[in-house]
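Trainee: So in the working numbering, spot 71 of the sequence shown is number 71, and the numbers just go up one at a time.
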Amino acid sequence: VMKLKQSLHVSDVAVQGVAQAIDFVLNERLAGGREVLAKLLEAGEIRKLDAQIGEASREGKLDSAFFTVLNMNIQDAVDSEGENPSTENDSEGASRSSILMHIYTRCQEEVEKKLPGGVALLNKLIRTEQPAIRQNQIQHYLCPQPDVITLPDGQKIPVKDADQRKVLVPPTELVDAISDAVARVRTLENAGGVDKVDAAGMVEGFRQVAKEVRIVIGNEYGVKSQELRDFEEGLQPVFRPDSPDSPYIQGQ
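1. Under a Cβ-count criterion, where at least 16 other Cβ atoms within 10 Å of its own Cβ denotes burial, should Ser179 be classed as buried or exposed?
2. With burial defined as no fewer than 16 other Cβ atoms inside 10 Å of the residue's Cβ, what is the status of Asn73: buried or exposed?
3. May I ask which residues mark the beginning and end of the alpha helix (DSSP H) holding Pro131?
4. Between Val169 and Leu188, is the Cβ-Cβ spacing less than 8 Å?
5. With distance defined between alpha-carbon atoms, name the residue in Val213, Asp76, Gly82 and Gly54 nearest to Val36.
6. With a 10 Å radius around its C-beta and 16 neighbouring C-beta atoms as the bar for buried, classify Ser97 as buried or exposed.
7. State whether the region 106-117 contacts the region 59-76, with contact taken as three or more CB pairs (one from each stretch) at a distance under 8 Å.
8. Please list, in chain order, all residues of the same chain as Asn123 whose beta carbon is under 6 Å from its beta carbon, the five residues on each side excluded.
9. Keeping to the same chain, check which residues put their C-beta closer than 7 Å to that of Tyr221; ignore five residues upstream and five downstream.
10. Work out the CA separation of Gln252 and Ala199 for me, nearest whole Å.
11. Can you tell me whether Ile133 is buried or exposed, with buried defined as 16 or more other CB within 10 angstroms of its CB?
12. What does a CB cutoff of less than 8 Å around Leu40 pick up in its chain, not counting 5 residues either side in sequence?
13. Per DSSP, what kind of secondary structure is Ser95 in: helix, strand or coil?
14. Let me know if Ala120 comes out buried or exposed under the rule of 16 or more other beta-carbons within 10 Å of its beta-carbon.
15. I believe Leu235 touches Val175 by the beta-carbon criterion, under 8 Å. Please report the beta-carbon distance rounded to the nearest angstrom.
16. Taking Glu220 as part of the alpha helix (DSSP H), name the residues at either end of that continuous run.
17. Candidates Gln139, Gly154, Lys166 and Asn136: which alpha carbon is nearest Asp147's?
18. Could you give the DSSP three-state label for Gln236: helix, strand or coil?
19. Reducing DSSP to helix, strand and coil, say where Glu112 ends up.
20. Return the chain-ordered list of same chain residues with a C-beta closer than 8 Å to the C-beta of Gln139, the five sequence neighbours on each side being excluded.
21. Pull up the distance between the alpha-carbon of Gly218 and that of Gly201, whole angstroms please.
22. My guess is that Ala183 and Pro247 are in contact by the Cβ rule of under 8 Å, so how many angstroms apart are they, rounded?
23. To the nearest angstrom, report how far apart Val203 and Val185 are at their CA atoms.
24. Kindly indicate the opening and closing residues of the alpha helix (DSSP H) around Gln250.
25. Going by beta-carbon coordinates alone, are Arg214 and Glu233 separated by less than 8 Å?
26. Hey, would you say Leu100 sits closer than 8 Å to Ala77, going by beta carbons?
And the structure:
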């Protein structure tokens, strides 16, 4: 697409026609994203904002065009606040970038509700910067839920259906999500869509998540458990590919 957009400067009439058509479609999609973001920014208060985000998600408006526009605005706000730190606050003291980041987080949460469990969890873990919070998330989603809840006064209340020992996201689903994410990054890298440094950083982020998950699974199920063995064997070809033609090197 980018090459076709660049061809607007090429003399070939046919190529220019295709490029202009694509350029028009891209601009139309970005215009839709700008309209959605403008409506969210006009919400005025959190409850109304959350309701509008839910509505936009149900209508399929939280798409790639919307997030492109949102990310551009976040970067612009961060840059502006760096140059003029005292001029970017609203009447209540909230900066434009903090408002946009709240919108970003809530929109991501809405989108994740529609994703497969493993993909949604991976997105959540990658987005969470604090290791302690990530550990709690891993424990909550990948390990069996507790059969009792202990109240502050020490009283223990049995959890309904706890005997089923349900796991919200089976570890194998996270393995599939990480595998697919690494392959996608390598595909994008080899297509020239991202440079080697950024690709390496993204893959390292997935690797760090896998390390933290491995520790939690080992503590919960045991170091000799089948659950831990399946997790390790599932990610072995992802982070230690045995062939230069592996999709985790060459992409898909």
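Just so you know, even glycine gets a beta-carbon here, dropped at the ideal spot from N, CA and C. Bear in mind that the values here come from a model prediction, so they are computed numbers and not experimental data.
Mentor: Answer, in terms of the structure:
1. As a first step, residue 179 must be located in the sequence shown, where it is residue number 179. So Ser179 ends up on the buried side.
2. Within the sequence shown, residue 73 is the residue found at index 73, counting from 1. The residue is buried, with at least 16 neighbouring Cβ atoms inside 10 Å.
3. Here residue 131 refers to the residue found at position 131 when the sequence shown is read from its first residue. Unbroken alpha helix (DSSP H) run through Pro131: Pro131 to Leu142.
4. Stepping through the sequence shown from its first residue, residue 169 is reached at position 169. Stepping through the sequence shown from its first residue, residue 188 is reached at position 188. No.
5. Sequence index remark: in the sequence shown, residue 36 carries index 36 (1-based). Among Val213, Asp76, Gly82 and Gly54, the Cα nearest to that of Val36 is on Gly54.
6. The sequence position of residue 97 within the sequence shown is 97, counting from 1. Its Cβ being crowded by 16 or more others within 10 Å, Ser97 is buried.
7. Three or more beta-carbon pairs drawn from the region 106-117 and the region 59-76 are found closer than 8 Å, and the two stretches are therefore classed as touching.
8. Locating residue 123 in the sequence shown gives position 123, where the first residue counts as 1. Its chain contains Glu112 as the residues whose beta carbon lies nearer than 6 Å to that of Asn123, once the 5 sequence neighbours on both sides are disregarded; these appear in chain order.
9. Residue 221 sits at position 221 when you count from the first residue of the sequence shown. Same-chain partners within the cutoff: Glu227 and Leu228.
10. Numbered from its first residue, the sequence shown carries residue 199 at position 199. Numbered from its first residue, the sequence shown carries residue 252 at position 252. In a straight line, the C-alpha of Ala199 is about 15 Å away from that of Gln252.
11. By one-based count along the sequence shown, residue 133 stands at place 133. Looking at its Cβ environment, which holds fewer than 16 other Cβ atoms inside 10 Å, Ile133 is exposed.
12. Locating residue 40 in the sequence shown gives position 40, where the first residue counts as 1. If we look at Leu40 and ignore the five residues flanking it on each side, its Cβ neighbours are Leu49, Gln52, Ile53, Ala56 and Ile103.
13. Position 95 of the sequence shown holds residue 95. DSSP places Ser95 in strand when its eight states are reduced to three.
14. On the sequence shown, residue 120 is found 120 positions in, with the first residue counted as 1. Counting Cβ neighbours within 10 Å, Ala120 comes out buried, since at least 16 surround it.
15. Reading the sequence shown from its first residue, position 235 is the one you call residue 235. Reading the sequence shown from its first residue, position 175 is the one you call residue 175. About 6 Å; that satisfies the 8 Å criterion.
16. Sequence index remark: in the sequence shown, residue 220 carries index 220 (1-based). For Glu220, the uninterrupted alpha helix (DSSP H) run begins and ends at Lys196 to Tyr221, by DSSP.
17. The residue you call residue 147 lines up with position 147 of the sequence shown. For the residues Gln139, Gly154, Lys166 and Asn136, the minimum Cα distance to Asp147 belongs to Lys166.
18. Counting from one through the sequence shown, the residue named residue 236 turns up at place 236. Three-state result, Gln236: helix.
19. Start at 1 with the first residue of the sequence shown, and residue 112 comes out as number 112. Reduced to three states, the DSSP call for Glu112 is helix.
20. Within the sequence shown, the letter at position 139 stands for residue 139. Taking C-beta separations shorter than 8 Å and ignoring five residues to either side along the sequence, the partners of Gln139 in its chain run Val216 and Glu220, following chain order.
21. Within the sequence shown, residue 218 is the residue found at index 218, counting from 1. Within the sequence shown, residue 201 is the residue found at index 201, counting from 1. Each residue's Cα considered, the two are about 26 Å apart.
22. Indexing the sequence shown from 1 puts residue 183 at position 183. Indexing the sequence shown from 1 puts residue 247 at position 247. Contact holds; Cβ gap of about 5 Å.
23. Your numbering for residue 203 matches position 203 in the sequence shown. Your numbering for residue 185 matches position 185 in the sequence shown. About 7 Å.
24. Locating residue 250 in the sequence shown gives position 250, counting from the first residue. Here the alpha helix (DSSP H) through Gln250 covers Pro247 to Gln250.
25. On the sequence shown, residue 214 is found 214 positions in, with the first residue counted as 1. On the sequence shown, residue 233 is found 233 positions in, with the first residue counted as 1. For Arg214 and Glu233, no; Cβs fall outside 8 Å.
26. Here the question's residue 100 lines up with position 100 in the sequence shown. Here the question's residue 77 lines up with position 77 in the sequence shown. Yes, the pair counts as a contact, with Cβ atoms nearer than the cut-off.
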